[in-house]
Amino acid sequence: MAAIPYHIMTFGCQMNVNDSRWLAQSLEGRGLRQGNLEDARVVILNTCAVREKPEAKVAAAIARIVAINPEAIICVLGCVAQSLGKKLYDCAPEVRLLAGGDGLVHVPGAIAELLADPDLRLAFLEFTGDYAERGGCSVVGGSAYVNIMQGCDNFCAYCIVPYTRGRQKSRKRVNILAECARCVEAGALEITLLGQNVNAWGRDGGISGNFASLLAEVSAMPGLARLRFVAVHPRDMDEGSIAAFAELPNVCPRLHLPLQSGSDRILAAMHRRYDSAGFLRLVESLRKARPDIALSTDLIVGFPGETEQDFNDTLAMVRECGFMSSYSFCYSDRPPARASLMPDKIAGEIQLERLTRLQELQENLGSRWLMDRVGQDTTVLLEGPSPRSRPGENSWQGRDPYGVAVNLAMPAGNHAGKITQARIISAKKHSLLAEALVLACNN
């Protein structure tokens, strides 16, 4: 009997990517196989509700699925499922399963029930008090993600994560270390520790130690060449976390450090609990610990009440910090987050004009940072053939320690999950071109 095909569509953050990887592994362990959207018996949408109009995007995706594959069992997971709840059944009667972040662990079993009785409707939308263990590990191209916590207690004024992912729940140290060990045993040379606020790990109680001590334990695992972590909150970057960049040799010199705004007035309205001077002190401490550290950031343009001066303060901070890249967006209301109730909303055309100016500045900073890399030697963890390689070319793409995409020619063969030494020979708009020197000896 042929295996039943499934298809997963993933939106949003790296945590969603990791959730989808785990789900695929679990379904295949139950005898299903990955298939195309057109022929899948089960189609899963793993959704994100952080940015603008997520419900409309999910509705459009459901309509597309129904048009292409009307017999599919449709499952909606993640933040949109948590946010809309069972109301989603009313506007999308084709949906048979809803599950939020805490309900993900139940999804493989629920899909088995739906395959036996597709007329069922199932929902797993309750928040749990503890992190839900789910087992397994997933290594792709020598890289693995490992969740260490879920949810957030910060309640920033613009953010719905505490409402869609729940309050912070730290995962037990022993389970994190066990999964990291399984990943290394399965071939991972690089591990990224994931969470909505990873450097607050353990602060919700019941966990011994702190994030810096956890980093040190993971870093010490034999065979682990690279260690990353995302996402952090600037106010939770303590001395131990900063020192890790100087003291732990396999911690990569790259940190995504969300600024959101350069205006102290707007930062206070956002409930970020730091100011521009404190952020600059943090940047200085990080660069003192690791002079070559590359910083990226998140920025919101047009927060309610933002003046031209507030926006100019953001531009000044971006220049001062010299971010190598950033994710910048126009503010949009995300009920029930507090900012959705704030007055003095900024007109869309003003938001877009400011966003254009900000992104032009970032393009210049990013281009300069990439150009400065030309001539340097680096290491590249190879992921797979370059997506734009021509037939007959043996061009591969990977990531350097700074997380930048690097393309380079390789000898014939399968190099996925291997590290090569390379020399950067030119910079593209958002990537680098290099020449391979030698495969690293730890492969």
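The opening position of the sequence shown corresponds to residue 917 in my numbering, with each subsequent residue numbered one higher. Positions of the beta carbon are idealized from the N, C-alpha and C atoms, including for glycine. Please read these numbers as outputs of a predicted model, since none were measured by experiment.
With DSSP run on the structure shown, which of helix, strand or coil describes residue i?
| i | result |
| --- | --- |
| K1344 | coil |
| W1117 | coil |
| N1358 | In this prediction, N1358 has a pLDDT of 47, which is less than 50 and means its spatial position is unreliable; nothing more can be read from the coordinates. |
| K860 | Nothing about residue 860 can be reported from this structure: the residues present for the chain run from 917 to 1359 only. |
| A1338 | strand |
| C1075 | coil |
| L1353 | strand |
| L953 | coil |
| M1065 | strand |
| H1149 | coil |
| Y1170 | What sits at residue 1170 in the sequence shown is Arg, not Tyr. Strand, per DSSP. |
| D1006 | helix |
| F1219 | coil |
| R1012 | strand |
| I990 | strand |
| Q1278 | helix |
| A1128 | helix |
| D1214 | strand |
| V1409 | Past the edges of the chain, shown from 917 to 1359, lies residue 1409, and the structure says nothing about it. |
| C929 | coil |
| S1256 | helix |
| C1237 | helix |
| N934 | helix |
| L1093 | helix |
| A918 | coil |
| M1137 | coil |
| K1204 | helix |
| V966 | coil |
| R1181 | helix |
| H1187 | coil |
| I1209 | coil |
Classify residue i as buried or exposed, calling it buried when 16 or more other Cβ atoms lie within 10 Å of its own Cβ.
| i | result |
| --- | --- |
| A972 | exposed |
| Q1225 | exposed |
| E1351 | exposed |
| T963 | buried |
| I924 | buried |
| V1011 | buried |
| K1003 | exposed |
| P970 | buried |
| M931 | buried |
| P1317 | buried |
| A1328 | exposed |
| D1288 | exposed |
| T1272 | exposed |
| V1090 | exposed |
| N1113 | buried |
| A1141 | buried |
| T1336 | buried |
| D935 | buried |
Compute the distance between the beta-carbons of residue i and residue j, then report whether it is under 7 angstroms.
| i | j | result |
| --- | --- | --- |
| A997 | L1020 | no |
| S1086 | G1118 | yes |
| R1363 | L1297 | The requested residue 1363 is not part of the displayed model; the chain covers only 917 to 1359. |
| L953 | I978 | no |
| A1343 | L1353 | no |
| R1098 | C1053 | yes |
| D1260 | G1221 | yes |
| A1321 | S1347 | yes |
| S1201 | I1262 | no |
| L1041 | G1017 | no |
| A1205 | A1162 | yes |
| S1212 | M1233 | no |
| I989 | P1024 | no |
| R1170 | G1319 | yes |
| I1160 | L1131 | Note that residue 1160 is Ala in the sequence shown here, rather than Ile. Yes, the Cβ-Cβ distance between A1160 and L1131 is below 7 angstroms. |
| R1151 | R1189 | yes |
Look up residue i in the DSSP assignment and give the residues it is bridged to.
| i | result |
| --- | --- |
| H923 | V959 |
| A976 | None; A976 has no bridge partner. |
| I1107 | A1060 and L1143 |
| T1294 | A1338 |
| W1312 | P1301 and L1324 |
| A1039 | L1014 |
| Y1047 | Paired residue(s): none; Y1047 is not in a bridge. |
| Q1112 | Its beta-bridge partners do not exist; DSSP assigns none. |
| Y1243 | D1214 |
| Q1176 | L1215 |
Q: May I ask you to verify whether the stretch 918-933 touches the stretch 949-967, counting CB pairs closer than 8 angstroms and requiring at least 3?
A: yes
Q. Quick check: the stretch 1068-1087 against the stretch 1245-1254, are there 3 or more CB pairs under 8 angstroms?
A. yes
Q: Check whether the stretch 995-1011 touches the stretch 1023-1033, taking contact to mean three or more Cβ pairs, one atom from each stretch, closer than 8 angstroms.
A: no
Q.
Pairs of beta-carbons, one from the stretch 1058-1069 and one from the stretch 1233-1249, closer than 8 angstroms: are there three or more?
A. no
(Q) Measuring CB atoms only, is the stretch 1140-1151 touching the stretch 1102-1110, in the sense that at least three cross pairs come out at less than 8 angstroms? (A) yes
**Q.** the stretch 1226-1239 contacting the stretch 1179-1190, beta-carbon criterion three pairs below 8 angstroms
**A.** yes
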